[in-house]
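Data first, discussion second: the structure below is written as structure tokens.
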Amino acid sequence: MVSVTTSITALELYRMCGAPVIEGLKATLKRLSRNPLILSILTGLILSIANINIPEIIAIPLHMLGSTTITLSLFMLGVFPYGRKYANLSKALKLSLTRIIVLPLLATIIASIFNLPRIQTAVLVIMHGVPLAVSMIVLSERYGFYEDIISSLILIESLGAGIYLNLWLLLLNL
């Protein structure tokens, strides 16, 4: 929840460039209070904390809807590259090195500091090295935030993930 809220807040503030800070924050809070993603996360959090059981007549359709996300994400990943403009590939490649090298290396260091078992280390390294989510292109287009670079990042990381994630696991002997 924190990362989604932080990302959307940062994008909302980015959209407000040039506006006075107080006005920008007010407008951002107003938009966040109407954002369906934020509202659904908060609703789920409140229901979970309050230990409120949702009636089956509501829970079953929500579960059915939620179970489509993996299929929809895979479909989007397949459709996503078609018709996109891929610009600044060199800049995107440099940025993707953060996700390909720096984040898995950081995860490895953290795992060694906490002396994590092999399977937990592998999960941590993979989680820190997975490609940028396809949903980021939707957010970047909605907020006008470096759309070409984001699409190039997703392309580079998605094409290379099968190689570089396995290399990390091989290097770490996992």
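Just so we're aligned: the sequence shown equals residues 0 to 173 in numbering that gives the first Met the number 0.
All residues carry an ideal CB built from backbone N, CA and C; glycine is no exception.
The Cβ atoms of Asn87 and Ser139 lie no closer than 9 angstroms to each other.
The three-state secondary structure of Lys84, taken from DSSP, is coil.
Between Phe144 and Leu10 a beta carbon distance of about 6 angstroms is seen, short of the 8 angstroms cut, so the two are scored as contacting. Val124 counts as buried, since at least 16 other C-beta atoms from the protein chains shown sit within 10 angstroms of its C-beta.
In this model, Gly17 and Gly128 are separated by some 35 angstroms (Cα to Cα). Of the other Cβ atoms in all chains shown, fewer than 16 fall within 10 Å of the Cβ of Ala49; this residue is therefore exposed. Excluding the 5 residues flanking it on each side, Phe79 has same chain C-beta neighbours closer than 6 angstroms at Val133, in chain order.
In the three-state reduction of the DSSP assignment, Tyr142 falls in the helix class, which pools H, G and I.
DSSP places Pro103 in the uninterrupted alpha helix (DSSP H) bounded by Leu102 to Ile112.
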